[in-house]
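Step one of this worksheet: look at the structure below.
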Amino acid sequence: MKAMNLTDILAQQMDREKDIPMFRQVYEIIRKTILSGTIPAKAKLPATRLLSRELGISRNTLVMAYDHLQSEGYVVSQTGSGTFVSDTFPSLTQLHADATSTLTDEIAHSPLTLSTRGLNLVRNAQASSTQWGAFVAGIPDVTLFPHTTWMRMLRRRWRDPAPELLTYAHGAGYYPLREEVANYLRLARSVRAEPDQVVITNGIHQSIRLLANLLADGGDSAWIENPAYWGARTVLKAAGLRTIPVDVDDEGLTLDGSHMREPPRLIFTTPSHQYPLGVMMSLARRRTLLEYAHLHKSWIIEDDYDSEFRFDGQPVASLQGLDTHGRVIYLGTFSKTLFPGLRMGFMVLPKALSSHLALALSEMYREGRLIDQAVLADFMAEGHYTTHIRRMRLHYARRQSILRSAIHDVFGEDWPISTHEAGLHLVMHLPPGTDDVGIVLAAKSMDISLRPLSRYYADGNGPPGLLFGYASVPDTQIRPLFLQLVQVITPALEQAPCNRTQQEPDGSAGKLNTHAWSGA
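Numbering (numbering that gives the first Met the number 0), first residue to last: 0 to 519.
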């Protein structure tokens with residue numbers, strides 16, 4: 000490239016009115032020109048003395064720009080010879096030759112740069128961009144969180160913060176918080192927990208990924224309920240595990256199928272309130288599962304995601320509390336009890352595992368946010384946590400009742416709905432063949448968010464239904480919003496195979512037969 004060409008490029012693109020220093024502008028312009036191939040490898044750059052005279056800027060400015068380019072490897076300086084563009088890029092001819100020898104033309108020219116694992120992840124992603132409003136599942140009512148109390152405690156911590164709370168976290172997390180978690184779980188969930196067994200994480204996803212990395216190798220199998228929380232399946236697959244879907248019935252995870260002949264490395268289950276169906280694992284199944292895991296050295300991952308919100312009957316004890324062989328790892332989160340943006344959860348591990356998981360957490364994620372952990376520990380120690388849960392339990396029970404009544408008023412008292420004892424959502428089951436995905440898409444046009452039950456199954460094609468998250472919807476809006484949804488639910492029901500009716504003589508459709516199917 001001729002010196003005059005670079006001079007012209009610099010003269011055209013430099014802006015003396017900008018706040019950006021002139022040496023930085025020169026550096027960026029030349030760097031961009033090199034990367035674009037306008038200046039080829041080994042080309043000599045004009046001398047700074049010449050450029051200084053032609054551009055009317057200080058030579059020191061140009062020297063600084065050249066030095067910066069050299070420090071990053073874009074140019075090399077040869078004493079007595081000048082400055083040359085580095086030969087760091089292979090020629091396009093050689094690059095294409097190499098590619099052709101190892102790849103097909105289709106792959107060589109593909110714009111995709113993700114790995115196979117990455118492509119599978121993004122193609123099957125189910126995370127929703129809508130995280131607030133009616134009827135988003137799994138979201139608590141954050142407007143009722145005691146912000147004033149939390150802010151008072153936060154200010155108290157920030158008034159004179161201990162230096163160790165402002166640096167990286169190392170190990171299992173803030174010890175006083177681990178003490179509070181252990182104390183709470185022993186009383187509320189019958190979990191056998193000591194503070195040294197508790198590891199604080201940033202939520203269920205991170206907990207599962209840590210366990211998958213430390214307790215299983217790529218290609219190992221993991222049982223997962225079918226249907227199941229999509230996030231757990233995604234994380235296990237991303238860790239390289241083979242997920243084996245295990246059907247759920249009225250007693251929870253089924254333990255009498257062909258899958259029993261291939262003991263898995265991990266077993267993921269939600270025994271106290273199955274997600275998304277809401278059933279509770281029977282005591283017989285719990286004992287069978289624990290014995291099976293003990294005999295085959297499998298690890299059970301118990302996700303107790305919303306156990307605090309039980310509205311009817313006695314609280315259900317944790318699976319971990321029944322474990323006498325140390326095969327259950329208990330997971331919990333504050334996302335449902337406080338607010339999701341807190342991004343804080345915990346694991347209760349067998350004593351033999353806790354130090355290893357704590358070390359891995361520090362090694363992989365370089366944790367922090369200790370001051371938030373300290374505030375949460377204060378919040379729990381002073382009784383605000385249990386008070387907030389009791390208060391929210393009443394709100395959520397009432398909102399579930401309003402939604403159930405609305406469904407029954409429109410579709411009949413015997414319409415199948417998931418159990419009412421607990422949770423932040425309910426499932427409205429639909430007749431076989433109903434397009435639940437289509438209903439969800441139509442609802443989205445009304446700014447109402449639902450989830451299709453069919454997509455929670457391993458093949459994405461399970462029995463149809465709708466997941467309604469009622470926790471974050473004000474009482475007065477639940478019925479009106481549901482009545483809006485009826486406008487899209489009813490036409491979909493009429494198209495379901497078991498509800499299609501013959502045309503009346505005048506051409507109108509016959510009455511919708513909502514009792515022509517047996518339900519879920």
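C-beta atoms are modelled at their ideal positions from N, C-alpha and C, and glycine is treated no differently.
| query | result |
| --- | --- |
| Quick check: the Cα distance between Pro-462 and Leu-429, rounded to an integer number of angstroms? | 8 Å |
| If I follow the unbroken beta strand (DSSP E) through Tyr-545, where does it start and stop? | Any answer about residue 545 is impossible in this case: the structure gives the chain only from 0 up to 519. |
| I need the DSSP call for Lys-43, collapsed to helix, strand or coil. | strand |
| In this structure, how does DSSP classify Gln-399 when only helix, strand and coil are distinguished? | helix |
| If we ignore side chains and look at the alpha-carbon of each, how far apart do Asp-66 and Tyr-304 end up? | 56 Å |
| I'd like to know whether the C-beta atoms of Val-416 and Ile-406 end up nearer to each other than 8 Å. | Residue 416 is actually Ile in this sequence, not Val. In contact: Ile-416 and Ile-406 (Cβ atoms closer than 8 Å). |
| Can you name the start and end residues of the alpha helix (DSSP H) that Glu-27 belongs to? | 21–34 |
| Can you check whether the CB of Val-247 is closer than 8 Å to the CB of Leu-276? | yes |
| List the whole-angstrom C-beta distance separating Trp-222 from Ile-243, where the pair is believed to meet the contact cut-off of C-beta under 8 Å. | 5 Å |
| Identify the continuous beta strand (DSSP E) that holds Ile-447 and give its terminal residues. | First-last for Ile-447: undefined, no H or E at that position. |
| Going along the chain, which unbroken runs of the alpha helix (DSSP H) with 4 or more residues stay wholly within the stretch 155–223? | 174–187 and 203–214 |
| Distance, Cα to Cα, Ser-220 vs Pro-39? | 52 Å |
| Between Val-487, Phe-467 and Met-379, which has its C-alpha nearest Pro-145's C-alpha? | Met-379 |
| Are the beta-carbon atoms of Gly-437 and Ala-376 separated by less than 8 Å? | no |
| Could you check the C-alpha separation between Val-198 and Arg-392 for me, to the nearest Å? | 26 Å |
| Given a cut-off of 8 Å, decide if Glu-307 and Ala-370 are closer than it, judged by their beta-carbon atoms. | Reading the sequence as shown, one finds Ile at residue 370 and not Ala. Not in contact: Ile-370 and Glu-307 (Cβ atoms no closer than 8 Å). |
| For Pro-175 and Ala-373, I'd like the C-alpha separation in whole angstroms. | 7 Å |
| Whose C-beta lies closer than 7 Å to the C-beta of Arg-191 among residues of the same chain, with five residues either side of it excluded? | Gln-319 and Gly-320 |
| Any contact of the stretch 199–214 with the stretch 248–261, i.e. 3+ C-beta pairs under 8 Å? | no |
| DSSP state of Pro-244, grouped into three classes? | strand |
| Using the rule of at least 16 other Cβ atoms within 10 Å of the residue's Cβ for burial, across every protein chain shown, is Val-84 buried or exposed? | buried |
| On the three-state DSSP scale, how would you describe Glu-493? | helix |
| Short of 6 Å in beta carbon distance, which residues of its chain neighbour Gly-234, apart from the five on each side in sequence? Order them along the chain. | Checking the sequence shown, residue 234 turns out to be Val, not Gly. Closer than 6 Å at the Cβ level, and outside the excluded window around Val-234, lie His-204, Ile-207 and Arg-208. |
| Looking at the unbroken beta strand (DSSP E) that takes in Glu-301, where does it start and where does it end? | 298–302 |
| Taking Cβ positions, are Thr-269 and Glu-224 nearer each other than 8 Å? | yes |
| Would you list the residues sitting across from Arg-285 in a DSSP beta bridge? | Paired residues: none, contrary to the question. |
| In angstroms with no decimal places, state the Cα-to-Cα distance between Lys-43 and Lys-17. | 29 Å |
| In the DSSP assignment, find the unbroken alpha helix (DSSP H) run with Val-278 in it and report its ends. | No alpha helix (DSSP H) holds Val-278; DSSP gives it neither H nor E. |
| Whole angstroms are fine: how far does the CA of Glu-290 sit from the CA of Arg-284? | 10 Å |
| Flag this pair as yes or no: are the beta carbons of Leu-452 and Asp-474 separated by less than 8 Å? | no |
| In three-state DSSP terms, what is Gln-273? | coil |
| Between the beta-carbon of Ser-317 and the beta-carbon of Asp-195, is there less than 8 Å? | no |
| Indicate whether Val-531 and Leu-466 have their beta-carbon atoms separated by less than 8 Å. | There is no way to answer for residue 531, as the model of the chain reaches only from 0 to 519. |
| Would the stretch 157–175 and the stretch 324–335 be scored as touching if the rule is three or more Cβ pairs under 8 Å? | no |
| With DSSP collapsed to three states, give me the class of Leu-9. | helix |
| I'd like to check one pair, Leu-265 with His-355: are the Cβ atoms closer than 8 Å? | no |
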